[in-house]
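According to our numbering, the residues represented by the sequence shown are 73 to 320, in order.
Scroll down for the structure; my scribbles are underneath it.
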Amino acid sequence: MSFFNTFGRAPRAPKRSPTPTSASFPQDGSPASAQTPPSPVMTNTKPLYLCSPFAEAALVKGNFKTIVMLPKYVDVMEWVAVNIFDFYNNLNLFYGIVAECCTAQACPAMSAGPSLDYTWIDQNRRQVKLPAPTYIDYVMTWVQNMLDDEGVFPTKAGREFSQSFPATAKHIYRQLLRVFAHIYHAHYPQILHLRSEPHFNSLFAHFLAFGKEFDLLEVKDVKGNLQHGAVGVGDLWEKWKDMGILES
Ligand SMILES: [Zn+2]
Numbered sequence: 073m074s075f076f077n078t079f080g081r082a083p084r085a086p087k088r089s090p091t092p093t094s095a096s097f098p099q100d101g102s103p104a105s106a107q108t109p110p111s112p113v114m115t116n117t118k119p120l121y122l123c124s125p126f127a128e129a130a131l132v133k134g135n136f137k138t139i140v141m142l143p144k145y146v147d148v149m150e151w152v153a154v155n156i157f158d159f160y161n162n163l164n165l166f167y168g169i170v171a172e173c174c175t176a177q178a179c180p181a182m183s184a185g186p187s188l189d190y191t192w193i194d195q196n197r198r199q200v201k202l203p204a205p206t207y208i209d210y211v212m213t214w215v216q217n218m219l220d221d222e223g224v225f226p227t228k229a230g231r232e233f234s235q236s237f238p239a240t241a242k243h244i245y246r247q248l249l250r251v252f253a254h255i256y257h258a259h260y261p262q263i264l265h266l267r268s269e270p271h272f273n274s275l276f277a278h279f280l281a282f283g284k285e286f287d288l289l290e291v292k293d294v295k296g297n298l299q300h301g302a303v304g305v306g307d308l309w310e311k312w313k314d315m316g317i318l319e320s
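Given below as structure tokens:
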């Protein structure tokens, strides 16, 4: 049984959730009740997620800075761990709703831009191209295993985070970013069809703001580079900075 048959399609309810997306996430996921979103005039090949009104759609108005800041008396490791747990669970819910369209036939590569396909590093340190559903299955299984590992994400009183936790957190963040980038690039029409773009945008803006605040994100990972190709969501990041939603 694949990972997504056990988790993606019928995900566990997140246990702790500072992200505003989960409170009003459409539980039934039914496209029948969804209205058809307005169609922007397509005069060029600009992706839909960069077009009005979709790029501006959000549950959270204003800047994300206040909701990512470390609360008083909270340990920074604990705060990063709780938020990663939450981003992972929410992203898993969203992937669950697009997963039936993300097949090896539809997505033979882990694409994130017109000329960008991510490669997976295998056990022999070789770069391998994988279909997106396989790549995402590997990422989400890998993250879930770490979340379940008391040595990495301690939950019991008296257990300390290891010194390698910041590096691990950064590594997880980088891979979750790739899953966001693939969904935006390849599956945004399904997100729109379910009228979930305000939820998904808010989750992603929260993810970016949090990553920036705690140095979990590299600019090159969000934007891509000339050699490997631009990441589609890099332009969304710039747009949200221009709009004042994210800090520049
Ligand atoms: Zn896909």
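C-beta atoms are modelled at their ideal positions from N, C-alpha and C, and glycine is treated no differently.
No experiment lies behind these values; they were computed from the predicted model shown.
Straight-line measurement puts the Cα of A127 at about 24 Å from the Cα of I208. Contact check between the region 184 to 191 and the region 218 to 234: fewer than three CB pairs, one atom from each, fall below 8 Å, which does not count as touching.
Bounds of the alpha helix (DSSP H) holding D314 are G304 to D314. Residue side-chain check: H259 places its Cβ nearer than 7 Å to a non-hydrogen atom of ligand 1. The beta carbon of I263 sits closer than 6 Å to the beta carbons of E269 and F272 from its chain, once the five residues preceding and following it are set aside; these are given in chain order. Note that the C-beta distance between A241 and V152 is below 8 Å. Under the three-state reduction of DSSP output, Q216 falls in the helix class. Taking 7 Å as the cut-off, the C-beta of C123 does not count as close to any heavy atom of ligand 1.
Taking 8 Å as the cut-off, the Cβ atoms of G304 and V294 do not count as close.
The region 194 to 211 makes no contact with the region 307 to 317: fewer than 3 CB pairs, one atom from each, lie closer than 8 Å.
In this structure F159 is in contact with L248, their Cβ atoms being roughly 6 Å apart against a cut-off of 8 Å. For L188, the enclosing beta strand (DSSP E) covers residues L188 to Y190. Distances taken from the Cβ of A184 to the heavy atoms of ligand 1 include none shorter than 7 Å. Annotation: the continuous beta strand (DSSP E) that includes G185 extends over M182 to G185. A straight line joining the alpha-carbon of K292 with that of E172 spans about 30 Å. For I169, the enclosing alpha helix (DSSP H) starts and ends at V148 to V170. Within the model, the alpha-carbon separation for Y245 versus Y210 is close to 14 Å. Relative to ligand 1, the beta carbon of H254 is positioned inside 7 Å of a heavy atom.
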